[in-house]
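So the sequence shown is numbered by the working numbering: it starts at -15 and just counts up by one.
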Amino acid sequence: MGTSELNMTGELELNEIYCMDCVLGMQKISNNTIDLVVTSPPYDDLRDYNGYHFEFEKIAQQIYRITKNGGVVVWVVGDKIKNGNRSLTSFKQAIYFQEIGFNVHDVMIYEKRNTPFMRSNAYTNCYEFMFIFSKGSPNTFNPLKTKTVRQGKEKLVANKKTDGVNNKVWGELNPEKTLTNIWEYAVGLGGSTNDKIAFQHTAIFPEKLARDHIFSWTNEGDLVLDPMNGSGTTCKMAKLLKRNFIGFDISQDYVNIAKERIKLIEKQPTLNSLLLV
Ligand SMILES: C[S@@+](CC[C@H](N)C(=O)[O-])C[C@H]1O[C@@H](n2cnc3c(N)ncnc32)[C@H](O)[C@@H]1O
-15 MGTSELNMTG ELELNEIYCM DCVLGMQKIS NNTIDLVVTS PPYDDLRDYN GYHFEFEKIA
45 QQIYRITKNG GVVVWVVGDK IKNGNRSLTS FKQAIYFQEI GFNVHDVMIY EKRNTPFMRS
105 NAYTNCYEFM FIFSKGSPNT FNPLKTKTVR QGKEKLVANK KTDGVNNKVW GELNPEKTLT
165 NIWEYAVGLG GSTNDKIAFQ HTAIFPEKLA RDHIFSWTNE GDLVLDPMNG SGTTCKMAKL
225 LKRNFIGFDI SQDYVNIAKE RIKLIEKQPT LNSLLLV
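See below:
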């Protein structure tokens, strides 16, 4: 990253986590600076929850302003269910992001492998949304791949003529294919992370979720922001993947946890030793 790009974060340092209202924090960042936002807002307890302010529209507008053309935002969100009624806040927020200029590039599902939540008169909810907003077409897409079921050589259809005859020829089957847009993760200790300290925060998302998005939508040296950084999952994964990061959280306790997790990387620096594969 060149010096001019560093200057675009104003008085903020790269690779730092700040205790700050994210609207104020983002106001310090120049237009078109951030390659990727990976974040999860507080769900539905919208204002003055635990003493902090969550001003969704202002946050969305700032995110739009500072995201680069071709940059991407991953907005991980679920709905609260009150008196049997789903809030649909997730969709209201997504529609707002679209109204202020983002493309809704995809609506992905984060499926939780082990979910304790049950309702007596509805199926157990096991997912949250991962809205993928982009400012124009994404600059980067490094698709994650999975092995295909059938491997090796097979007679494949080729060269179908107007007479309807299929001429089959031997061909190599594709050994891998791009993942679908439903991603499943284990949650809890040993699932979301091995960092016990992270669980002092009640609403973390899995490290692998952050890792997979950072890998997909950025390249080494790019700048990743989590404006509602919580226990610091996004920043930790950005550091491990050699991306630059900035995090904001309104709670000093959470900022302390996040900084501690970054320090843990320095003690145990390889990606494989930190990630549950
Ligand atoms: C769902 S949690 C994020 C958890 C995070 N993804 C993780 O893995 O640890 C939402 C966070 O937003 C923070 N928050 C709420 N309002 C904020 C604001 N205005 N500015 C910055 N952070 C805020 C809360 O303190 C909370 O830690």
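In this text, a Cβ means the ideal position worked out from N, Cα and C, and glycines have one as well.
These numbers were taken from a predicted model, which means no experiment stands behind them.
7 Å Cβ shell around residue i - same chain, five flanking residues per side excluded
i: Y33; result: Note that Y33 has pLDDT 44, beneath the 50 cutoff, so the model's placement of it is unreliable and the number below is only indicative. Cβ within range, chain order: P26.
i: M221; result: E191, A194, R195 and I198
i: K42; result: V7
i: G68; result: none
i: L140; result: K152, V153 and G155
i: I116; result: V56, V58, H89, D90 and M92
Proximal residues to residue i (C-beta, below 8 Å), its chain only, five neighbours per side dropped
i: P127; result: T162, L163 and S200
i: Q45; result: I84
i: G205; result: M(-15), K226, R227 and N228
i: I188; result: S176, T177, A182, G214, S215 and T217
i: K52; result: N16, T17, I18, D19, K119 and N123
i: T99; result: T108, N109, C110 and V171
Residues that residue i bridges to, as DSSP identifies them
i: M92; result: M114
i: G62; result: Note: G62 sits in no beta bridge, so no partner.
i: T3; result: The question names Thr, but residue 3 is Cys in the sequence shown. DSSP lists D233 as partners of C3.
i: C106; result: The identity of residue 106 in the sequence shown is Ala, whereas the question assumes Cys. Per DSSP, R103.
i: D210; result: G231
i: R245; result: Paired residue(s): none; R245 is not in a bridge.
i: R70; result: I65
Which listed residue (the options) has its alpha carbon closest to that of residue i
i: Y169; options: N178, V153 and L193; result: L193
i: L20; options: S176, V57 and V239; result: V57
i: G155; options: G136, V149 and T146; result: G136
i: D5; options: K251, S235 and I246; result: S235
i: G214; options: I246, E(-3) and N203; result: I246
i: Y94; options: I116, Y48, I166 and Q11; result: I166
i: Y48; options: T202, S24, G62 and Y80; result: Y80
Contact set for residue i: own chain, Cβ-Cβ below 6 Å, skip 5 residues either direction
i: E138; result: L157
i: T177; result: E191
i: K184; result: The sequence given here has Gln at residue 184, not Lys. So the list reads I241, once near-sequence residues are dropped.
Euclidean distance between Cα positions of residue i and residue j
i: C3; j: F75; result: 29 Å
i: R97; j: C110; result: 7 Å
i: T73; j: I65; result: 10 Å
i: N123; j: E244; result: 32 Å
i: A182; j: F125; result: 29 Å
i: T218; j: N16; result: 20 Å
i: I230; j: S14; result: 14 Å
i: G54; j: N151; result: 43 Å
i: F40; j: I50; result: 16 Å
i: Q82; j: R103; result: 32 Å
i: N288; j: S121; result: Because the chain spans -15 through 261 in this model, residue 288 falls outside it and cannot be assessed.
i: V149; j: A106; result: 51 Å
i: L173; j: V133; result: 31 Å
i: D233; j: F86; result: 24 Å
i: M212; j: D63; result: 17 Å
i: K12; j: I1; result: 14 Å
Rounded Cβ spacing between residue i and residue j (contact assumed at less than 8 Å)
i: D210; j: V60; result: With 8 Å as the limit, D210 and V60 do not qualify as a contact, their Cβ atoms being about 10 Å apart.
i: F113; j: V91; result: 6 Å
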